[in-house]
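As structure tokens, the structure follows; a few thoughts come after it.
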Amino acid sequence: QRMPPKKRTRGTTAEHEEPAAKLAKKDDDEKDSSGKGAKGAPRRRGKPEAGNSGMQEDKGAAAAPAGKEVYCHWLMKSEPESRIEKGVDVKFGIEDLKALPKQTGCWDGVRNYQARNFMKDMKVGHEAFFYHSNCKEPGIAGLMKIVKEAYVDHTQFDKKDAHYDPSSKKDNPKWYMVDVQFDRMTKRFIPLSELKKYHQQHKSNGGVLKGLALFTRARLSVQPLSKEEFDFVLSLEDKEPI
DNA sequence: GCCAACGTTGGC
DNA sequence: GCCAACGTTGGC
1 QRMPPKKRTR GTTAEHEEPA AKLAKKDDDE KDSSGKGAKG APRRRGKPEA GNSGMQEDKG
61 AAAAPAGKEV YCHWLMKSEP ESRIEKGVDV KFGIEDLKAL PKQTGCWDGV RNYQARNFMK
121 DMKVGHEAFF YHSNCKEPGI AGLMKIVKEA YVDHTQFDKK DAHYDPSSKK DNPKWYMVDV
181 QFDRMTKRFI PLSELKKYHQ QHKSNGGVLK GLALFTRARL SVQPLSKEEF DFVLSLEDKE
241 PI
């Protein structure tokens, strides 16, 4: 089941705000409600999902409205080891995704506005790293693809769910999820410790990973990578571990 | 299991 | 709107 719970917020909200990708900025967003609001939990989980397959596409969207950057690469965290939260085991590792029908699941349980907004920016076909967190060996285990764009996370209305959010109303849902499909394992597990070494190094020499969100926004469970960051990280699978 | 970092809550 | 207290994330 799921993961982090947390919840509570205040009331209402406005809604969907936009997706946004902000990035460099930080903040997040949401305008939701009144001011405060968000909760915080991130993470995810997955499960089969029913529908799907969607394909929506974006249309021209792309045009970058000046100002906001558009990302096509992501890193999503999930816990591969059992941990009971509100009576439910939140374990969901890459092997669990792989075991689902069509190797596809919904990334529910995200209860952080910024992470949610990043999910709303995701388009079908985008690639994401499956990151194992809060476990013996944290790091990137594999790759997955976005196969369905953001839609209402039903677990926010489920009292039995670890991420139930009593403040969210059916007619104005706060939380969204995407469907992801297992793509492949990385050729080798890329440990956080190794990424950290590159990050340190790059902070000194201006390398690609100097601003990697994994280190600059450590608690964000859904985070964007630039194409350069994504390619660099992926290239590590063909190199010797440092 | 500890605990630093940081996001959220809620009084004022 | 500020900010102290509190709760969560997630590495170690």
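Mapping of the first sequence onto UniProt numbering: position 167 corresponds to residue 167, and the numbering continues sequentially without gaps. Don't be surprised by glycine CBs; every beta carbon is placed ideally from N, CA and C. Model, not experiment: these values are computed from the prediction.
Item                                                                                                                                                                           : Value
Which residue wins for smallest C-alpha separation from Trp175, given the options Phe157, Glu228 and Lys77?                                                                    : Phe157
Can you have a look at Ser82 and say buried or exposed, based on whether 16 or more other CB atoms are within 10 angstroms of its CB?                                          : exposed
Could you tell me if Arg111 is buried or exposed, where buried requires 16 or more neighbouring beta carbons within 10 angstroms of its beta carbon?                           : buried
Assuming Met122 is part of the beta strand (DSSP E), what are its boundary residues?                                                                                           : Taken as a continuous stretch (DSSP letters only), Met122 belongs to no beta strand (DSSP E), as it is neither H nor E.
For Pro166, does the three-state DSSP call read helix, strand or coil?                                                                                                         : coil
Are Thr186 and Glu237 closer than 7 Å when you measure CB to CB?                                                                                                               : yes
Give me the residue from Asn205, Leu195, Lys227 and Ser235 with the minimum Cα distance to Thr216.                                                                             : Leu195
Using the C-alpha atoms, what's the distance from Asn172 back to Pro166?                                                                                                       : 12 Å
Does residue 243 come out as helix, strand or coil in the three-state DSSP assignment?                                                                                         : Residue 243 lies beyond the range of the chain shown here (1 to 242); nothing can be said about it.
Starting from Lys187, trace the beta strand (DSSP E) in both directions and tell me its first and last residue.                                                                : Tyr176 to Pro191
Between which two residues does the beta strand (DSSP E) containing Ser78 stretch?                                                                                             : His73 to Ser78
Within the same chain, show all residues whose beta-carbon is closer than 6 Å to that of His199, passing over the 5 residues directly before and after it, in chain order.     : Leu209, Leu212 and Phe215
When the Cα atoms are used, what is the spatial distance from His139 to Lys98?                                                                                                 : The sequence given here has Gly at residue 139, not His. Each residue's alpha carbon lies about 17 Å from the other.
Taking all protein chains shown into account, do 16 or more other C-beta atoms lie within 10 angstroms of the C-beta of Pro224, making it buried, or fewer, making it exposed? : buried
Taking Cβ positions, are Trp74 and Val180 nearer each other than 7 Å?                                                                                                          : no
Would you mind stating whether Glu79 and Val88 have Cβ atoms separated by less than 7 Å?                                                                                       : no
Cβ of Asp96 within 7 Å of Cβ of Met144?                                                                                                                                        : no
Starting from Ile140 and walking both ways along the beta strand (DSSP E), at which residues does that stretch end?                                                            : Gly139 to Val152
With H, G and I counted as helix, E and B as strand and the rest as coil, what does DSSP make of Glu229?                                                                       : helix
Could you tell me if Ser34 is buried or exposed, where buried requires 16 or more neighbouring beta carbons within 10 angstroms of its beta carbon?                            : Because Ser34 sits at a pLDDT of 30, beneath the cut-off of 50, its placement in the model cannot be relied upon, and the point is left open.
If we ignore side chains and look at the alpha-carbon of each, how far apart do Glu137 and Ser193 end up?                                                                      : 9 Å
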